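Please read the structure below before turning to the comments.
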Amino acid sequence: MPKYGRNLISQTNTITQELAARKELKRFTFLGSGPQFGIASEGMLKMTEMSLTVAHAFHFMEYRHGPMSMANEEAAIIGLLSPTAAIHEKQVLDEMAANGATTLSLSPAEGDINLPANLPTWAYPVLYLPPLQLLAYHRSISKGLDPDNPRNLTAVVYLDKAAF
0 MPKYGRNLIS
10 QTNTITQELA
20 ARKELKRFTF
30 LGSGPQFGIA
40 SEGMLKMTEM
50 SLTVAHAFHF
60 MEYRHGPMSM
70 ANEEAAIIGL
80 LSPTAAIHEK
90 QVLDEMAANG
100 ATTLSLSPAE
110 GDINLPANLP
120 TWAYPVLYLP
130 PLQLLAYHRS
140 ISKGLDPDNP
150 RNLTAVVYLD
160 KAAF
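Right, here's the structure in full:
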């Protein structure tokens, strides 16, 4: 896995840096189905806390049902395509691009960013993470922020003397 992760980071550094630097993009939406939804939520969290950029996470079809009204020239939509539903998920991204949104797909098959093929299914959620983290990192840098010291965050949260 480390080899795949290193290769993925070097392959995606430029595309994530270019997307992150686009100042006209005001919102980043991360879409994923099944196990990829948890990863989409992590992408949303990293984008929000590291770069102070408005970000959301949705299941593909949930987004298609209503929140897609936010898909326009100010929106970047990152789709984590699943091995089993990629055809339908890609259609959602195509519709959002037709509405003016910038889209980026990650997939073990045919995405803008291609993950290694023929790996065990458990490996894919892990491999979706580095490009999402790079995207949030580059967005933070492009806004002049320190991604290692997000505003108002600490390593440990204390509530009523209990550590979480």
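Every letter in the sequence shown is one number past the one before it in numbering that gives the first Met the number 0, and letter 97, counting from 1, is 96. Glycine included, every Cβ here is placed at the ideal spot set by N, Cα and C. What you are looking at is a predicted structure, and each value in this text was computed from that prediction instead of being measured.
{"Asked": "Along the chain, where does the alpha helix (DSSP H) that runs through residue 87 open and close?", "Found": "85 to 97"}
{"Asked": "If you pair each beta-carbon of the region 130 to 142 with each one of the region 42 to 52, do three or more pairs fall below 8 Å?", "Found": "yes"}
{"Asked": "Relative to the C-alpha of residue 108, which residue among 98, 101, 84 and 128 is closest?", "Found": "84"}
{"Asked": "Is there contact here, the region 123 to 138 with the region 4 to 14, by at least three beta-carbon pairs under 8 Å?", "Found": "yes"}
{"Asked": "Measuring straight from C-alpha to C-alpha, what distance separates residue 6 and residue 160?", "Found": "43 Å"}
{"Asked": "Short of 7 Å in beta carbon distance, which residues of its chain neighbour residue 81, apart from the five on each side in sequence? Order them along the chain.", "Found": "32, 33, 35 and 88"}
{"Asked": "Within the same chain, show all residues whose beta-carbon is closer than 7 Å to that of residue 72, passing over the 5 residues directly before and after it, in chain order.", "Found": "23 and 99"}
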